[in-house]
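S.K.:
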Amino acid sequence: MTEKEKNDKIINLAVRKGFFWKSFELYGGSSGFWDYGPLGSIIKKKILDEWMRFYRIKEGFLEVDTPTINLDKVFVASGHIENFVDIIVKCDNCKEEYRADHLLNDLGIDIEGTDLNKYEELIERNNIRCPVCGGKLGRCQRFNLMFETSIGVDRNNRSGYLRPETAQGIFINFLRLSRLARTLPFGVVQIGKAYRNEISPRQGIIRLREFTIAEAEIFIDPNEDGLSIDKVADYVVNLFPRDYNREIRITIKEAIDNKIIRNKFVAYNIAIANMFLTRIGIPNEKIRFRQHKKDEMAHYASDCWDAEIKTDKYGWIEVAGIADRGDYDLRSHSIESDQELYIFKPFDKPIKVKKNVIKPNMDIIGPMFKDKSPLILEKLKKGEGIIKDGDLHLKIGDEDIIIKNGAYSIEETDEEVHGEKIVPHVVEPSYGIDRILYSLLESSYREEPLENGEMRVVLGFKAFMSPIDVAVFPLLPKKELIEKSKEVTELLKSYNLYVFYDDNGSIGRRYRRQDEAGTPFCVTIDFDTLDDDKVTVRDRDTMKQERIKISDLGEFLEDLIEQSKSTP
RNA sequence: GCGCUGGUAGUGUAGUGGUUAUCACUGGAGCUUGCCAAGCUCCAAACCCGGGUUCAAUUCCCGGUCAGCGCACCA
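In this note's numbering, the protein residues as written are 4 to 571.
1) Given a threshold of 16 other Cβ atoms within 10 Å of its Cβ, counted over all protein chains shown, does Ala470 qualify as buried or as exposed?
2) Can the beta-carbon of Gly463 be found less than 8 Å from the beta-carbon of Pro349?
3) Kindly confirm or deny that the stretch 451 to 460 and the stretch 183 to 201 touch, where touching means at least three C-beta pairs closer than 8 Å.
4) Along the chain, where does the beta strand (DSSP E) containing Asp472 start, and where does it finish?
5) Using a Cβ distance threshold of 8 Å, determine whether the stretch 508 to 522 contacts the stretch 531 to 550, with at least three qualifying pairs required.
6) With distances taken between CB atoms, is the gap from Val92 to Ala80 smaller than 8 Å?
7) Where does Arg56 fall in DSSP's three states?
8) For a minimum of 4 consecutive residues, which ranges assigned as the alpha helix (DSSP H) are wholly contained in the stretch 114 to 185?
9) So, Tyr448 versus Trp54, is the Cβ gap smaller than 8 Å?
10) Give me the Cβ distance between Phe36 and Arg212, rounded to the nearest whole Å; I'm assuming they're in contact under 8 Å.
11) Is the beta carbon of Pro168 sitting closer than 8 Å to the one on Glu218?
12) Using a 10 Å radius around the Cβ and a threshold of 16 neighbouring Cβ atoms, would you call Asp472 buried or exposed?
13) Using a Cβ-Cβ cutoff of less than 6 Å, which residues in the same chain neighbour Phe146 once the five nearest sequence positions on both sides are dropped?
14) So Thr527 packs on Ile551, CB below 8 Å; how close in whole Å?
15) Measure the beta-carbon distance from Phe214 to Asp437 and round it to whole angstroms, keeping in mind my assumption that it falls under 8 Å.
16) When DSSP builds the beta bridges, which residues end up paired with Pro523?
17) Which residue's Cα is closest to the Cα of Lys256: Tyr247, Tyr39, Asn272 and Lys289?
18) Could you tell me which of Tyr441, Lys465, Asp505 and Ala274 sits nearest to Asp11, measuring between CA atoms?
19) Please classify Phe350: does DSSP put it in a helix, a strand, or coil?
20) Distance, Cα to Cα, Arg166 vs Pro225?
21) Distance, Cα to Cα, Lys353 vs Val420?
22) Nearest-angstrom Cα distance between Tyr198 and Glu387?
23) State the CB to CB distance for the pair Ile320 and Ile312, rounded to an integer number of angstroms; the pair is presumed to be in contact (CB under 8 Å).
24) Of all the options Phe78, Cys143, Leu107 and Lys139, which has the alpha carbon lying nearest to the alpha carbon of Phe174?
25) For the candidate residues Asp341, Gly393, Ile406 and Met468, whose alpha-carbon lies nearest to that of Gly369?
26) To the nearest angstrom, how far is the alpha carbon of Glu289 from that of Lys489?
27) Taking 8 Å as the limit between beta carbons, can you name the residues of its chain near Ser26, skipping five residues before and five after?
28) Below 8 Å CB to CB, which residues in the same chain sit around Leu119 once its five sequence neighbours on both sides are set aside?
29) Let me check understanding here. Comparing Cα to Cα, which of Leu500, Met149, Arg132 and Ile194 lies closest to Pro432?
30) So is Pro480 buried or exposed if we call it buried at 16+ other beta carbons inside 10 Å?
31) Can you give the Cα-Cα distance for Thr152 and Gly163, rounded to whole angstroms?
32) Where are the alpha helix (DSSP H) runs, 4 residues long or more, that stay fully inside the stretch 284 to 356, in chain order?
33) Give the DSSP bridge partners of Arg19, in chain order.
34) Determine the direct distance from the alpha carbon of Arg459 to that of Val491, and round the result to whole angstroms.
35) Please list, in chain order, all residues of the same chain as Pro41 whose beta carbon is under 7 Å from its beta carbon, the five residues on each side excluded.
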C-alpha cells in the first residue's frame, strides 16, 4: 500500500463513517472548509477535553471565550493589518502572480511595510520583469490573509476582521485577567475558531480557512521565572534545533542546561505538549519539536518551536507552535490603546528614593501658555522635560516649549517606592486541533489480515478517546435477544457510555463495522444470556471474548476505559 | 491565483448526442444464520453547477466550481 493509497483510504473511511467531509457539498463545496460528522465531532470534543485537562486543570490556567470577530484596532495593534499581508504583483502578459517582496529580495533589496507606491517605484526603477515570460509587471496589490467584515448597518461604521488567532482576545483582556490571577506567572487559555483566507488551501483538512485552535498565553515575569521544572526535568523529547541538522533525544533538563532551549517556559511547555499528544494516542516516535528558522518566525515571535507529527501522506506536519512572544503584544496594545498594561510587583520592603521633582509655578506658566498649560502640567507629572542651561525644555507635538528658570523650581523629595511595574513576557503554546485529529486518525489506522483471508480495517483509538464507547448486539435478530439487548443498552447509557446498538447483518459484519469506527468493545447477547445473565464482551484489538455478568458490565467497561488512559 | 488532468448512487466504477444509465461494495426490509465482511429474495440510491450548440446534451463547446498534480502561497 503506497502512502497515497493509505491516505485515500483514510479520507474515504473518514467520510464514510462520519468523521468529516467537505463543507457545502450540496452547493459544490468550497475549498478550505470541512464539516465534522457524528464521530468526528465526538473525537474532536474528546481531544479538547483532554487539552483542557492539561492546561486548565493541571496547569491551573484561566479560561476565556471571546468573539471571533474583532475590531480592526485589535489587529492594527497586533501587527496583523500591517504584517499579515502579501503584496502581490501580476504579469500583464502571462498573468502569473508573484509576491513583490520576493522579487525585490531576489535582487538583494530588502523592503518592509505595505506602501504600494514604494513597491511599484522599486520595481520600475530596477526594471523588474516577469521572471517567467519577461512581460511587464502590473500594479501592486495588497492581499491580507484576514477575512474582513463590517460591523453594524452602516457600511462605513466600524470595520472588523475574523480573528486569525485567538490570542488577541486574551491580550486585550490582560488587565482584568491579571487581576483575577493576582500573581505571575499565570496562564490563560482559549479554544475557538480562527480564520485565515488562504490563497489556495490544499491538503484537505490540513490547511483550512476556518479551523479550531487551542491556545494558552502564559504571562511571565521576565526577571524572575518562578517556574519549577522538576515535574518534567527527566522527561525525554525529540528536538530538532535550528543549528543542528538532525533530531536529538534529550531530557528537558539537559535541553535547558545546554541552552538548546533558551526559555525555561518554552522548554516546560514542549514537555507538556509531548505529554498531551502521547496521552491522546499519538505514538511518541512520531512526535518531534522543530525550532523555527529565523526568517520563518511570525512577526511577533522571538523564538518558536513547532510540535510536528510524522504522517504518511504529508510528512512532518506542524500541529502546535510554542512561541516566545516576548512583550510584543502587551506593548503593542499598550501603545495603540494608550493604556498601561502592566503588573505591579511589590518589593519585599519599600525602598526610599531621593528624587528631584520639577515643580511648576502655575502663576507664571498659566497666563504665559494659556490653554497649553494643562498639557504642560500633565507632561511634567509624567516626568517629561529636560533641563538645559537652566531652562526647562518640553515637547508638545512638534512644538518646543521652553520654560524659563523661575517659572519652575526643583525640589528634592524622599519617595517611598513599594514596587515596580512589569510588562510580562508571553510564552504561547498554540495547537491546531484539526491537524491533531487527522494525525490521530492516520496513526490509529491499520489493516489486519484475518484467518479467512479477509482484511479488517481498524481504528485503534485508546478506549477513552474512541467516539463510540461500546456497541451492543443481539447475536441473532430474535425478539427475546433484541429485548434483552435494548435493556443492556439502557443499562450502559446509565454509566454515561455512548452506546451503539446494531442488529443488522451477520455478527461478523457488525464487528467489522465497529472496528472501522474504532469502537473498543462489543457486547453480544445470546440465548445463554437469558439463563445466566452473562454477555460476551469482545475486544477490538485482540478480538478475544470474555463472559461478563450483566450486573458487573458497566463497571467492567468503565475500568477498561479508565485503564486505557495510562497505556502508552 | 496560474497551468495540466479529471468530476456518473454513500464508496469504487461501466457506458452513451435519442425509451427505463452498467456492475460491485455499502445501506435498508425479510428469510436463513449460535460469535468475526457467508447465502437467498426484495428495496433505496447517481450523470458537479451555469450558459451555448442541437429537434434532443450526462455525452460536444465555453465559463464557474471542486479534486489531484506542478508553480506560487502557507505570518
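Every residue, glycine too, gets a C-beta built ideally from N, C-alpha and C.
M.R.: The answer reads as follows:
1) Looking at the sequence provided, one finds Pro at residue 470 rather than Ala. Buried, by the Cβ-count rule.
2) Contact: no.
3) Judged by Cβ distances under 8 Å, the stretch 451 to 460 makes no contact with the stretch 183 to 201, as fewer than three pairs qualify.
4) Counting along the chain, Asp472 falls outside any beta strand (DSSP E), and DSSP gives it neither H nor E.
5) Segments in contact, yes.
6) No, these two residues do not count as a Cβ contact at 8 Å.
7) In the structure shown, Arg56 sits in a helix (DSSP, three-state: H, G or I).
8) Positions of the alpha helix (DSSP H) runs, each at least 4 residues long and wholly inside the stretch 114 to 185, are given as 119 to 128, 170 to 174 and 177 to 184 in order along the chain.
9) No; because the gap between Cβ atoms is not below 8 Å, this pair is not in contact.
10) Contact holds; Cβ gap of about 6 Å.
11) What sits at residue 168 in the sequence shown is Glu, not Pro. Cβ atoms of Glu168 and Glu218: closer than 8 Å.
12) Asp472 is buried by the Cβ-count criterion.
13) Contacts found: Asp89 and Ile91.
14) Not confirmed; about 11 Å, so no contact.
15) A Cβ-Cβ distance of about 5 Å is found for the pair Phe214 and Asp437, placing them in contact under the 8 Å criterion.
16) Partner(s): none; Pro523 has no beta bridge.
17) Ranking Tyr247, Tyr39, Asn272 and Lys289 by Cα distance to Lys256 puts Asn272 first.
18) The residue with the shortest Cα to Cα distance from Asp11 is Tyr441.
19) In this structure, Phe350 counts as strand in the three-state DSSP scheme.
20) One C-alpha to the other measures close to 28 Å.
21) The displayed chain sequence assigns Pro, not Lys, to residue 353. Taken atom to atom, the span from the alpha-carbon of Pro353 to that of Val420 is near 5 Å.
22) When rounded, the distance between both Cα atoms is 43 Å.
23) With 8 Å as the limit, Ile320 and Ile312 qualify as a contact, their Cβ atoms being about 6 Å apart.
24) For Phe174, the nearest C-alpha among the options comes from Phe78.
25) If we check each option's Cα against that of Gly369, Ile406 comes out closest.
26) According to the sequence shown, residue 289 is Lys rather than Glu. Answer to the nearest angstrom: the Cα atoms are 41 Å apart.
27) In the same chain as Ser26, and ignoring 5 residues on each side of it, the C-beta atoms closer than 8 Å to its own belong to Gly32, Ser33, Phe36, Trp37 and Asp38, in chain order.
28) Closer than 8 Å at Cβ, skipping near neighbours: Ile90, Arg142, Cys143, Gln144 and Arg145.
29) If we check each option's Cα against that of Pro432, Ile194 comes out closest.
30) Pro480 is exposed by the Cβ-count criterion.
31) Between Thr152 and Gly163, the C-alpha separation is close to 5 Å.
32) Uninterrupted alpha helix (DSSP H) stretches at least 4 residues long and entirely within the stretch 284 to 356 occur at 331 to 340, given in chain order.
33) None; Arg19 has no bridge partner.
34) Roughly 27 Å between the two C-alpha positions.
35) Correct list, in chain order: Gly21.
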